[in-house]
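*Asks:* Heads up: the protein sequence lines correspond to chains E and P, in order.
Sequential numbering of the first sequence, starting at 1, is according to the numbering used here.
Sequential numbering of the second sequence, starting at 236, is according to the numbering used here.
By construction, the Cβ of each residue, glycine as well, lies at the ideal position given by its N, Cα and C atoms.
Okay, handing you the structure first.
2 protein chains.
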Amino acid sequence: MSKPAVILLSGGLDSATSAAIARSQGFELYALSLDYGQRHRGELEAAQRVGEQLGVKRQVTLQIDLRAFGASALTADIDVPKSRSVEQMHSGIPITYVPARNTVFLSLALGYAETLSAADIFIGVNAVDYSGYPDCRPEYIEAFERMANLATKASVEGRLKFTIHAPLVALTKAEIIRRGVELGVDYGLTRSCYDPDPSGAACGACDACTLRLAGFTEAGLVDPAPYRPGTMNHS
Amino acid sequence: MSKPAVILLSGGLDSATSAAIARSQGFELYALSLDYGQRHRGELEAAQRVGEQLGVKRQVTLQIDLRAFGASALTADIDVPKSRSVEQMHSGIPITYVPARNTVFLSLALGYAETLSAADIFIGVNAVDYSGYPDCRPEYIEAFERMANLATKASVEGRLKFTIHAPLVALTKAEIIRRGVELGVDYGLTRSCYDPDPSGAACGACDACTLRLAGFTEAGLVDPAPYRPGTMNHS
């Protein structure tokens, strides 16, 4: 019998790849998606499609309105930065940072994992392209794992030793894409854009699109996701 | 100008006292309450009343339906244990334990604190009466604090060093009550019962009522909160 794992699934490229890696390691997948008031709600529909394609055992979407706190371009009504180079993105912490987002997500994944008696949690964080996000770094993931093993009934009673898997943490975007393609991820189902149009087509200019398109170019592939007409989808 | 602090406010006796201690230390209070699908929703109304009495600057209630995970008497449809002695409660982890609850609550408090540029978070956990809850122990709180300081933009950039205050962690229930009375907490506004009647009157028999009543007795006080007729509210 395969072991259960909770996978945080956002609908983006990274979490889809992280989930595919979990599946390739023989885990039975329990997907957790968070509806946190993000502006790009197409993400959640993408998470559903990606989960179906990956054959997840169960898919839970939790609603939690982080807009009550304010202060992020991803949830509040401020402009998403456009047309920045990868170098510009890497200087400082982006304004699209959501306060304590991965901590909130991992905490919810921990509660779900404990309920399922699942010792393994997968998160698609990446310290290469998202060097500006403190909660994407290995030292953060390790500190969360240590805390998690002090936090729960299952770990304290010795029934579960939690492991937070961050299989993408040291990969470049091109490496992530190549790994996902090997594992059969359909990137046409994933969505990364911070500012898609009403049809769901990506803008091609926000930080997430810029990183994604550069990754496909470096991997020598064409991104199968939809972009607005005129967007340079490199090949 | 007083410094802001995020206080987790449940409507119970402990969190009201923790908040009053924060106020006595000169903090400006930003209350965070969680509507997590708990059966005793009177808690949330109590949190509102307690916050008003304490003069909080702002009160936010976040909804997050932890029932999606199942598995706790406090959120699911299973029986709340009744008429257990304090000794019985102290053996093992209670079934009223909510998976990763304090981790979820502290994570949300962290996000709120970062948004407010508040370095201080108060939580009313207690390791004496709740020895069965792993996420009420000092070593857990320390591990969370360490993780929090690796998790956020504000801490990584050196603008905030987060402190998780758990001022009740080593106090008995009677000591908590005496401290709260000194600080002017109106315990008549607080609610602890896991199984109140529709009017909000406490059952007097669940673990929370048993601990609370024993604490008032030991402090030589009468609990001003409403109980069902016939309940032994010791004096």
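In the DSSP assignment, what are the bridge partners of K388/P?
*Replies:* By 1-based counting over the second sequence, the position of residue 388/P is 153. Partner(s): none; K388/P has no beta bridge.
*Asks:* Counting pairs of beta carbons, one from the region 176-189 of chain E and one from the region 139-146 of chain E, are three or more of them closer than 8 angstroms?
*Replies:* Judged by Cβ distances under 8 angstroms, the region 176-189 of chain E makes no contact with the region 139-146 of chain E, as fewer than three pairs qualify.
*Asks:* Would you check if there are 3 or more beta carbon pairs closer than 8 angstroms linking the region 42-57 of chain E to the region 5-20 of chain E?
*Replies:* The answer is yes - the region 5-20 of chain E touches the region 42-57 of chain E, with three or more Cβ pairs under 8 angstroms.
*Asks:* Can you tell me whether A386/P is buried or exposed? The criterion is at least 16 other CB atoms within 10 Å of its CB, across all chains shown.
*Replies:* For the purposes of this step, residue 386/P is identified with residue 151 of the second sequence, where counting begins at 1. A386/P should be labelled buried.
*Asks:* Just reading off the beta strand (DSSP E) that Q294/P is part of, what are its end residues?
*Replies:* Within the second sequence, the letter at position 59 stands for residue 294/P. Residues 293-298.
*Asks:* Just grab the DSSP bridge partners of I7/E for me.
*Replies:* Within the first sequence, the letter at position 7 stands for residue 7/E. Answer is A31/E, F122/E, bridged to I7/E.
*Asks:* Counting only the same chain and skipping the five closest in sequence on each side, list residues whose C-beta sits under 6 angstroms from that of S215/E.
*Replies:* The sequence position of residue 215/E within the first sequence is 215, counting from 1. Rather than Ser, the amino acid found at residue 215/E in this sequence is Gly. Taken in chain order, the residues that qualify are K173, A174, I177.
*Asks:* State the start and end residues of the unbroken beta strand (DSSP E) segment that holds T398/P.
*Replies:* Translated into the one-based positions of the second sequence, residue 398/P becomes position 163. Per DSSP, T398/P belongs to the beta strand (DSSP E) from 398-400.
*Asks:* What did DSSP end up calling H469/P once you bin it into helix, strand or coil?
*Replies:* In the second sequence, the residue the question calls residue 469/P occupies position 234. Below a pLDDT of 50, predicted positions are generally treated as unreliable, and H469/P, at 49, falls in that range; the measurement from the model is reported next regardless. Reduced to three states, the DSSP call for H469/P is coil.
*Asks:* Under DSSP, the alpha helix (DSSP H) around R212/E begins and ends at which residues?
*Replies:* Working through the first sequence from its first residue, we reach residue 212/E at position 212. It spans 207-219 - the alpha helix (DSSP H) in which R212/E sits, taken as one unbroken run.
*Asks:* Assign A170/E to one of two classes, buried (16 or more other C-beta atoms within 10 Å of its C-beta) or exposed (fewer than that).
*Replies:* Start at 1 with the first residue of the first sequence, and residue 170/E comes out as number 170. By the neighbour-count rule (16 or more Cβ atoms within 10 Å), A170/E is not buried but exposed.
*Asks:* Does the beta carbon of Q63/E come closer than 8 angstroms to any beta carbon on chain P?
*Replies:* Against the first sequence, residue 63/E aligns to sequence position 63. Chain P, which has a Cβ nearer than 8 angstroms to the Cβ of Q63/E, makes this yes.
*Asks:* Run through DSSP, which three-state label would A437/P get?
*Replies:* Looking up residue 437/P in the second sequence gives position 202. It is a strand residue.
*Asks:* Using only CA atoms, which one of E43/E, N149/E, S85/E lies nearest to E114/E?
*Replies:* Position 114 of the first sequence, counted from the start, is the residue given in the question as residue 114/E. Nearest option by C-alpha distance: N149/E.
*Asks:* Could you have a look at Y422/P and say whether DSSP puts it in helix, strand or coil?
*Replies:* For the purposes of this step, residue 422/P is identified with residue 187 of the second sequence, where counting begins at 1. Reduced to three states, the DSSP call for Y422/P is helix.
*Asks:* Under 8 angstroms, Cβ to Cβ, is there at least one residue of chain E near S342/P?
*Replies:* Your numbering for residue 342/P matches position 107 in the second sequence. Chain E, which has a Cβ nearer than 8 angstroms to the Cβ of S342/P, makes this yes.
*Asks:* Quick one: residues in its chain with C-beta nearer than 6 angstroms to the C-beta of S83/E, no 5 flanking neighbours on either side, listed in chain order?
*Replies:* Along the first sequence, one-based indexing puts residue 83/E at 83. Taken in chain order, the residues that qualify are A205.
*Asks:* Spatial neighbours of S427/P within its chain, please: CB distance less than 6 angstroms, with the 5 preceding and 5 following residues excluded, ordered by chain position.
*Replies:* For the purposes of this step, residue 427/P is taken as residue 192 along the second sequence, with counting starting at 1. Excluding residues within five positions, the ones whose Cβ falls inside 6 angstroms are G247, L248, A443, R447.
*Asks:* What residue range is occupied by the uninterrupted alpha helix (DSSP H) comprising R336/P?
*Replies:* The count along the second sequence starts at 1 and reaches residue 336/P at position 101. Residues 336-351.
*Asks:* Output needed in chain order: residues of the region 342-356 of chain P with a Cβ under 7 angstroms from some Cβ in chain E.
*Replies:* Cβ contacts with chain E come from S342, L343, L345, G346, Y347, E349, T350.
*Asks:* Please report the distance separating the alpha-carbon of P461/P from that of V60/E.
*Replies:* For the purposes of this step, residue 461/P is taken as residue 226 along the second sequence, with counting starting at 1. For the purposes of this step, residue 60/E is taken as residue 60 along the first sequence, with counting starting at 1. Taking the straight line from one Cα to the other gives about 38 angstroms.
*Asks:* Per DSSP, Y462/P is paired with what?
*Replies:* Mapped onto the second sequence, residue 462/P falls at position 227. DSSP output for Y462/P lists A437/P as bridge partner(s).
*Asks:* Could you name the residues of chain P that A16/E contacts, counting a contact when the two beta carbons are closer than 8 angstroms?
*Replies:* Taking the first sequence and counting its residues from 1, the one referred to as residue 16/E is at position 16. Within 8 angstroms Cβ-Cβ: nothing; A16/E doesn't reach chain P, min ~22 angstroms.
*Asks:* Whose C-alpha, out of V420/P, A344/P, V457/P, is nearest the C-alpha of E287/P?
*Replies:* Here the question's residue 287/P lines up with position 52 in the second sequence. Nearest of V420/P, A344/P, V457/P to E287/P, Cα basis: V420/P.
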